[in-house]
Amino acid sequence: MSARVSSRRTRIDEELLRESLEINRRGHNGWRAEVLARAAAAGGTAAGRILSFVLTVLAAVIVSLPLVYLSGGDGALALDALIAGSWGSPIAAAETLVQTVPLLISGLAVALAFHAGLFNIGVEGQLVVGALSAGIVGATLPLPGPILIVVCVAAGAAGGALWALIPALLKAYRGVHEVVTTIMMNYIAFNLSTFLVSPSGPFVSSSQPSATEKIPIEARLPILVPGTRLHAGLILAIVLVIAVAWYLYRTPGGFSLRLTGANPRAARGAGISVPQTILRAMLLSGALAGLAGAVQVLGLFGRYFDAFSPGYGFDAIAVALLGALSPVGIAAAALFFGTLDSSAVYLQAQAGVSREMVGVVSGLVVGFVAAQPAILRLLRRLRARKARTRPNPSPDDLDRVLATVVPVPLADPDDAISHGLAETEATR
Amino acid sequence: MSILSMSLVIAAIHLAVPIILPLLGGLISERSGVMNIALEGMMLVGGLTAVVFSFLTGDPWLGLAAAAVSGLISGAALALLTVTLRANQVVASTAINLVGAGLTAALVPIIWGTDGTTPSVAKIPPFVVPGLSELPVVGQLFRELTLVDYGTFVLVVGVWWVLFRTDTGLRLRACGESAESADSAGIDVVRTRFVAVALSGAFAALGGAYLSIVILDAFQAGMTQGRGYLALAALVFGKWRVWPGVAACVVFGLADALALRSQIVAPDIPHDLLLAMPYILALVALATFVGKGTAPAAVGKEFARA
Amino acid sequence: MSATAVRLAGITKRFGAVTANDGIDLAVRAGTVHGVLGENGAGKSTLMKILFGMIRPDEGTIEIDGKRVELRSSADALAQGIGMVQQHFSLVGPFTVVENLILGRDSRALWRRWLAPLPLSAARERARELSERFGFGLDADARCQDLSVGARQKVEIVKALWAGATILVLDEPTAALSPPEAEELYALLERLRADGTTVILISHKLPEILRLCDRVTVLRDGKVVGTREIDRADMDAISRAGVEADLVHLMIGRERPTVPERHPRELAPVLSVRGLTDGGRIGPVDLEVAGGEIVAVVGVEGNGQSALVDLLTGVVRAKAGSIVLDGAELAGRSTLARLRAGLAHIPEDRHAQAVAEEMSLIDNASIGFTTGAPFAPTRLWLSKAKRRRLAEAIIRDRSVRTPGPDAPMRSLSGGNQQKLVVGRELARAPRLMIAAQPTRGLDIASTTAVHEALMKLRAAGAGVLLLSLDLTEVFAISDRIVVIRQGVLVGEVATDRADPERLGAWMSGAAGGEEAA
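Sequences listed follow chains B, S and Y, in order. The first sequence runs 240 to 667 under our numbering. The second sequence runs 5 to 310 under our numbering. The third sequence runs 37 to 553 under our numbering.
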């Protein structure tokens, strides 16, 4: 068994290397079969994900219906108002997309951290700081338009990443659970924001209370559809979806991030530095969150407003989980919540449902996603009981669909549970 | 007016208690092996329930009792998700926080038609201790504190005693250190954890009720301001023991009280930044935390029998 | 005449498509030691868990002292006088011995349990009594996590007796004990039997069964294949050999699969370790592994094996010493560099260290291959197509049973997961393979597959460092045996000249550390 080694290569067996590099080894027929097999597998995963998406949404909506009635609203009317208010006209559709943008980007932020085994609940604070950075830089730096946009966007990302730095360091090098630290950073961010644009604060606008000065129009994200509020942030959001998907699934950095989230000790054994990966994941997540905030300032408002976010950072958790942590799924989930958000005013007027309900639906979605593994276990057990007579133990299609559970990672670098010893009696 | 005075002590107590109560809840839950990060949401639900029942009956004590019951219910909801269904504990807690925050904010306009803040309701009156309230200086303390404050102290001692000196506490802690060992000793781990988490909800709810009908006399959306999380920081800093955790809460409460006073005494320091002091302190406290060796060994891990 | 203490009839338990226990009948006479013999995967542990109320059988009945019982929990079992001493997960580490003894045993009124302080002094007194009666020698206030494995096991036995157990079930009790500690246990069990306690001993070790048991039931593939009476008083060498052969035949049921002939070649040293230490758990250690050689490191669990592996793989930084692989110094270099230099590692705990259950087989097969060419020549692109082909090749070469490389790792059985891990590590074309407990918990077929892979590696001129707790495995495939005890290597001998008793003496510290020629 010989191998090829050099400083920029992984050591690998010659024969296996040749097999890995060979293209079209099987010839024309084999190629078609392989593509079909892969499409079937991917289709199975997608089908499972779509099914769980729809069911979760339905469950959350059904459970929140009693509240709608309680508030004097009408269920059917609410549904009507929901669709009309969000997709009923070109302007409404544009508004829905406007609401989707920050949810999408912050959903990506939460998901990226989740993939590394981290719960970044600090997205709300990070997007506030990102928005602040963009708003302040945009209002104070005398740079030409196009350059200023880029600088503001960069400032937004940097601000968000900076806000994730302390929790990241504490987690990576002290093992402090990131949930409490990121939440503390949230509250500090809110207070900081209030201070910075308070009447005596350093960056408050002379004409608008609790806000920064307006950013010059050349430095703002252009409007895509005249007559609406839909801005180029949408394009940035789509680009980010592709970029995050690329990073996670097609780069070595993304692989090491996912592996660290799935099993930190296996990552360590493969030579990956777990603290560095945690740091990288949190900073990237924070940067994305910062971008979400910056996009609102640069595209929608044109300046920074205190308390501009109705809780995007928290809804983002629901968006990430509903989207099964996959960038495409997150886009779909963001659209759903964007629909809820943009029809909020309509819902209030027509059916008496307040915006707070979106928060409740958010929470219910997260709750149902949390309960998903239990439901799937139950389904599996029911199926196994019915199929007891079948001698073939290999998983079939439904099993494969059922296996596409949201991969919310539990991995904790300090955790050292060992299961291997209990394997003596077969359970599969 | 000097910054140090009995009023400050009383203010510190008033601001520490709403962190101490969820701390006790978090302690009970985590010592049984279940991470309860949903204290914040449970506090909000408790706070609103107290106001609702005080409003309906005119009796703040009934409001307090109702809040405790609401806490048992929200605790049971978390227990259902994490203990019975074995869902991820952080995700389930987040769900409860989101629902708690959203629901309480949505119910205020539904019930009263106002936006965000309820109208005033009957609140818990101070309890004047005969004799002690006549003393100079200290007497103010015994005039202004309520029975709930004294009750909280009793609860602290009670939780410490039951958890660390009795058989019930031993069993509960066994579930938190090694669920399998507890199971083979004949302890019903699922039931113990379920009860512990439900109880933790009751404690948290009382903390929220303290905010709405002891300090204030109304409920405001989001009035807990992160105290449920400060309690968690105190829990970690106190290494899952009662007295160090309570001490941390007192420090947070003191910081809060000083920040409020500072607006009058030192108006040059930005008020909003000072209000962030408890959170900054919490971060510092967590940063001094050394490794996971002191947490209950089984906390966060699900338990299942074949 | 002794009554039947325990009678199991028709016990059946299925886990999904696997039948762990199939119509098992078992009758244990009171006041005797009854052995349950079988290999890994035969169904012994499942049966005992059913007896202890931890699992409910799908079919079958249980009778204790002639009375039919339903065991819904371990509390029920304890109430019936059944006490179980398991291999793991039975004591609460941070609690003291006394606290562990009284855990769950408080029978006072509910309000007392909530309010009254723990009855610790009464408990200490009772513990002392039991201790003297059976010769335990326990320190009541020591924390259990500070005790040795043997001491902890004694606490477990006391705990079972404390609860009033008259039927004691021991599951592989000497698995983690050194020979002297095992002797102590045997003496204890004999004293218990003399006192009238019924003991059910689960084991896969024949000498133990023959030494202690009055009757033995043999399990294979979930079924009872035979029950034999053992007349311990009247057994000479010949009849003993006969009984052994009979039991082995029952246990295995077929010819032991032949392990291919070994042709060990001693080439130049692949691994040279000098003075390696981490300043605490292990060291200083001197060790050499030649090309074409399998060196086994044996010792009682917890004597530094994991620490040694951590130092060699680079997960822990060495305080002092050198590690030379094929002439290149590895100490101070990163894990990645060591992998590149020709090191490979099959971790002892697959679930915790080697695989990511939620990720696909493709991803799992790529662990350790994602830095640099051929799969990631730049930081911007990691080829999935190439990794897929690597995974397919490994799956094919190692006969991993799976619907396809896109399946998640957790859909594979333990044996198949391990085959993939072995295949992945072999794909590094290693010069030195560190195999830590590579066949722990695996069935016969997977174990043979792993052994064959390691021997093929040896035949190709690489070196293998095998860390194992299983002396059978060690004698089957290794060329040289090294014994580790309390973090240092205390003895070394060629396998064909090794003697299990001498090894046992080294492992327990009864003999000094001399090297055999």
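Don't be surprised by glycine CBs; every beta carbon is placed ideally from N, CA and C.
Asked                                                                                                                                                                                        : Found
Between B/T394 and the rest of its own chain, which residues show a CB-CB distance below 6 Å, the 5 nearest in sequence each way excluded?                                                   : Sequence check: residue 394 of chain B is Ala here, not Thr. S372, A373, V376.
Does the distance between the C-beta of Y/L114 and the nearest non-hydrogen atom of the ligand HEM fall short of 7 Å?                                                                        : Here there are no bound small molecules, and the ligand HEM is not part of this structure.
Please state whether DSSP places Y/Q116 in a helix, a strand or coil.                                                                                                                        : coil
Considering only residues of the same chain and omitting the five flanking positions on each side of B/A559, which have a CB-CB separation below 7 Å?                                        : G346, V349, A350, F353, I569
Give me the chain S residues within the contact set of Y/Q189, using Cβ-Cβ distance strictly less than 7 Å, ordered along the chain.                                                         : In chain order: nothing, as chain S lies at least about 14 Å away.
Report the rounded CA-to-CA distance for Y/R16 versus Y/G316, giving the unit in angstroms.                                                                                                  : Given that chain Y is displayed from residue 37 to residue 553, the structure contains no residue 16 of chain Y and the question cannot be resolved.
What are the boundary residues of the alpha helix (DSSP H) that includes B/I422?                                                                                                             : 417–435
Strictly below 7 Å CB to CB, what residues from chain B border S/A90?                                                                                                                        : Contrary to the premise, residue 90 of chain S reads as Arg rather than Ala in this sequence. Going along chain B in sequence order, the residues near S/R90 (Cβ under 7 Å) are A613.
What does DSSP give as the partner residues of Y/M469 in its beta bridges?                                                                                                                   : Y/A380, Y/V500
Is B/V296 close to chain S? Criterion is C-beta to C-beta, closer than 8 Å.                                                                                                                  : no
Using CA atoms only, rank isn't needed, just tell me which of Y/I480, Y/A427, Y/R467, Y/T406 is closest to B/T249.                                                                           : Y/T406
Compare the C-beta of S/P300 against all C-beta atoms of chain B and say whether one is closer than 8 Å.                                                                                     : no
Determine whether the beta carbon atoms of Y/T40 and Y/D94 lie at a separation below 8 Å.                                                                                                    : no
Hey, could you find the ends of the alpha helix (DSSP H) Y/L448 is sitting in?                                                                                                               : From DSSP, Y/L448 is part of no alpha helix (DSSP H); its letter is neither H nor E.
In chain B, what lies closer than 9 Å to Y/D282 by C-beta?                                                                                                                                   : Near Y/D282 there are no residues of chain B at all, since even the closest Cβ is about 25 Å away, more than 9 Å.
If contact means a Cβ-Cβ distance below 7 Å, which residues of the region 159–178 of chain S contact chain Y?                                                                                : V166, R169, T170, D171, T172, L174, R175, A178
Hey, S/R265 and S/L60 are a contact pair by Cβ (cut 8 Å); roughly how many whole angstroms apart?                                                                                            : The Cβ separation is near 36 Å, so there is no contact.
What's the gap between the Cα of B/F292 and the Cα of Y/P153?                                                                                                                                : 52 Å
Return the bridge partner residues of Y/E365 from the DSSP annotation.                                                                                                                       : Y/V360
Would Y/G459 and Y/D479 qualify as a contact pair, given that the criterion is a beta-carbon distance under 8 Å?                                                                             : no
Which residues bound the beta strand (DSSP E) around Y/D61?                                                                                                                                  : 54–65
CA-CA distance, B/A520 and B/V368?                                                                                                                                                           : 18 Å
When you check each C-beta in the region 186–200 of chain S against every C-beta of chain Y, which residues fall closer than 8 Å?                                                            : A186, D187, S188, A189, G190, I191, D192
Output needed in chain order: residues of the region 547–581 of chain B with a Cβ under 8 Å from some Cβ in chain Y.                                                                         : none
What distance in whole Å lies between the Cβ atoms of Y/V331 and Y/V321, which are believed to be in contact at a cut-off of 8 Å?                                                            : Not quite, the Cβ-Cβ distance comes to about 13 Å (not below 8 Å), so this is no contact.
Give a yes or no on whether 8 Å exceeds the smallest Cβ distance from Y/H240 to chain B.                                                                                                     : no
In chain S, which residues lie less than 7 Å from Y/G140 when you measure between Cβ atoms?                                                                                                  : R175, A189, G190, I191
What residues of chain Y sit near B/G492, judged by a beta carbon separation below 7 Å?                                                                                                      : R415
Leaving out five residues before and five after S/S137 in sequence, what residues of the same chain have Cβ atoms less than 6 Å from its Cβ?                                                 : G143, F146, R147
Is it a yes or a no for the region 452–472 of chain B touching the region 532–544 of chain B, going by three-plus beta-carbon pairs under 8 Å?                                               : yes
Between which two residues does the beta strand (DSSP E) containing Y/V306 stretch?                                                                                                          : 305–313
Out of B/A557, B/G532, B/G510, B/L343, state which residue places its alpha-carbon closest to the alpha-carbon of Y/G350.                                                                    : B/G510
For the region 362–421 of chain B, which segments carrying the alpha helix (DSSP H) assignment without a break, of at least 4 residues, lie completely within its bounds, in sequence order? : 362–379, 384–413
Please work out which residues of its chain come closer than 6 Å, Cβ to Cβ, to S/L151, disregarding the five sequence neighbours upstream and downstream, and give them in chain order.      : F131
Determine the chain B residues that contact Y/A481 at a beta-carbon separation under 8 Å, and present them in chain order.                                                                   : Simply none; closest approach about 12 Å.
Looking at chain S, which residues of the region 121–132 of chain Y have a Cβ within less than 9 Å of any of its Cβ atoms?                                                                   : Q122, H124, F125, S126, L127, V128, G129, P130, F131
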